[in-house]
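To start, the structure under review is shown below, and the notes come after it.
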Ligand SMILES: C[S@@+](CC[C@H](N)C(=O)[O-])C[C@H]1O[C@@H](n2cnc3c(N)ncnc32)[C@H](O)[C@@H]1O
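Numbering (the working numbering), first residue to last: -13 to 211.
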């Protein structure tokens, strides 16, 4: 059990782990990929990979990789990069490994974003998709500090998540989001503030109203040189 136990989030939906799994609970994991396809997450992953401007020879880590869709997409977009997907959920990692079967320079490892098992300044890019809203505020802060630690100076963290400058005009899902405590720290400039506290130069790259997710916002956070 990790020492940073995100109490407020992990007990959602009767979850029994010390992390909130991809679909809320293990029994729902087999439906996760279909759900994410219906939610339009492929497009979000594609956009995030383009924003990360991956180059050959880079070492790239995804934190909270779940079933591996973004990690595999990043690998296919830049075959010369070395990809690691990290997640605390062994069931999701087993699915991710099956997707990466036959690809080289990609692996999946168990790890919590707030206690990454990697040395300082190990990576050129860290990616995070739809993960931060799974973390309580304390864990989120610790995870961003860890991303900063494992990135080289001048390297960057690229995030997409629900939230950002949400207003009631963004539709019903957004209005629900405004009252959802899981998403509260993601609203407004909550994420850029946490990124700056972790030592990053932070920017919102794009923010879009989203028919099924309410609003999604993309962030780039650079570790100063
Ligand atoms: C909604 S899923 C997103 C998965 C993947 N990034 C994607 O875009 O499909 C959120 C993931 O965050 C993981 N997660 C939850 N708590 C975590 C933590 N403390 N550190 C790292 N990952 C965590 C869950 O296990 C889950 O796989």
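Heads up, the beta-carbon is just placed ideally off N, CA and C, and yes, glycines get one too.
The structure displayed is predicted, hence computed values, not measured ones.
Separation of residue 53 and residue 9 (C-alpha to C-alpha, rounded to the nearest whole angstrom) is 10 Å. Nearest in C-alpha terms to residue 179, of all of 23, 165, 104, 206, is 206. Distance check between residue 49 and each of 74, 38, 204, 37 places 74 closest, using alpha-carbon atoms only. In the DSSP assignment, residue 137 falls within the beta strand (DSSP E) that extends over 137 to 148. Remark: the C-beta of residue 7 is in contact range of ligand 1, defined as less than 6 Å to any heavy atom. If you check the CB distance, residue 92 and residue 99 do not come in under 7 Å. Under the DSSP definition of a beta bridge, residue 100 lacks any partner. Of the residues assessed, residue 65 falls on the exposed side of the cut-off, its CB having fewer than 16 other CB atoms within 10 angstroms. Distance from residue 107 to residue 137 at the Cβ level is roughly 7 Å; contact confirmed, criterion being Cβ atoms closer than 8 Å. Taking residue 61 as the centre and dropping the five residues before and after it, the same chain places the C-beta of 67, 69, 86, 89, 91, 92 closer than 8 Å to its C-beta, in chain order. Distances from the CB of residue 166 to the heavy atoms of ligand 1 are all 6 Å or more. With a beta-carbon spacing of about 10 Å, residue 129 and residue 143 fall beyond the 8 Å limit used to define contacts.
Distance check between residue 103 and each of 126, 72, 118, 34 places 72 closest, using alpha-carbon atoms only. Straight through space, the alpha carbons of residue 3 and residue 145 are spaced by roughly 24 Å. Not a single heavy atom of ligand 1 lies less than 6 Å from the C-beta of residue 163. Look at residue 3: its beta carbon is at least 6 Å from all of the heavy atoms in ligand 1. Judged by the Cβ position, residue 172 fails to qualify as a neighbour of ligand 1 at the 6 Å threshold, every heavy atom of the ligand being at least this far.
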